[in-house]
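Single-structure report; data block below.
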């Protein structure tokens with residue numbers, strides 16, 4: 086992830102919508118602008134394989150919605166991100182608008198890339214924790230492991246690192262066969 090483009094005043098959604106549609110990922114984190122290159126093809130294949138399994142278990146059963154990047158998620162006035170995968174269950178459906186997801190999804194998944202790994206593990210983890218996203222997965226395609234963080238008492242707790250199968254802790258009856266992802 087690029088270093089933040091710092092401004093005197095914190096940026097918000099009104100600034101975010103003015104960024105060009107240039108194939109790069111623009112995000113505002115804690116009021117600062119970050120720019121990343123588009124994900125590579127390997128990254129997108131992992132994303133597609135996870136999305137496929139989640140779609141069949143969540144969307145096809147009418148339990149919620151599964152989104153992929155680039156989908157804007159506005160967690161606060163100064164935090165607008167584009168996670169790799171976003172799950173919004175039916176009980177939170179009102180946060181889905183035609184333009185963006187405005188509020189806290191049930192699950193956010195980030196797939197590590199060389200340009201995003203440091204921020205996915207630290208900066209994004211902090212803002213997802215601050216926003217009280219119930220569950221956050223960090224997918225490491227190089228190590229073939231998914232770190233599963235679950236919100237407990239206002240902080241993320243690492244509940245496991247999975248290489249074969251991962252079951253969503255905060256949504257009933259949803260799991261991913263990681264052998265079909267790697």
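Numbering (the working numbering), first residue to last: 86 to 267.
We put the beta carbon where it would ideally sit given N, CA and C, even for glycine.
Who are residue i's beta bridge partners in DSSP?
i           : result
residue 150 : 173
residue 233 : 222 and 245
residue 192 : 172 and 220
residue 181 : 186
residue 240 : 237
Quick one: using the 10 Å Cβ neighbour count with 16 as the cut-off for buried, is residue i buried or exposed?
i           : result
residue 128 : buried
residue 125 : exposed
residue 190 : buried
residue 169 : buried
residue 234 : buried
residue 164 : buried
residue 250 : exposed
residue 266 : buried
residue 259 : buried
residue 208 : buried
residue 210 : buried
residue 201 : buried
residue 238 : exposed
residue 149 : buried
residue 157 : buried
residue 204 : buried
How is the alpha helix (DSSP H) around residue i delimited, first residue to last?
i           : result
residue 208 : 208–215
I need the DSSP call for residue i, collapsed to helix, strand or coil.
i           : result
residue 142 : helix
residue 101 : helix
residue 159 : strand
residue 265 : helix
residue 106 : coil
residue 126 : helix
residue 256 : coil
residue 227 : coil
residue 133 : helix
Taking the beta strand (DSSP E) that residue i belongs to, which residues open and close that run?
i           : result
residue 110 : 110–114
residue 252 : 250–252
residue 261 : 260–262
residue 121 : 117–121
residue 165 : 164–166
The ligand GTP heavy atoms versus the CB of residue i: any closer than 6 Å?
i           : result
residue 259 : Ligands in the displayed structure: none, and consequently the ligand GTP is not present.
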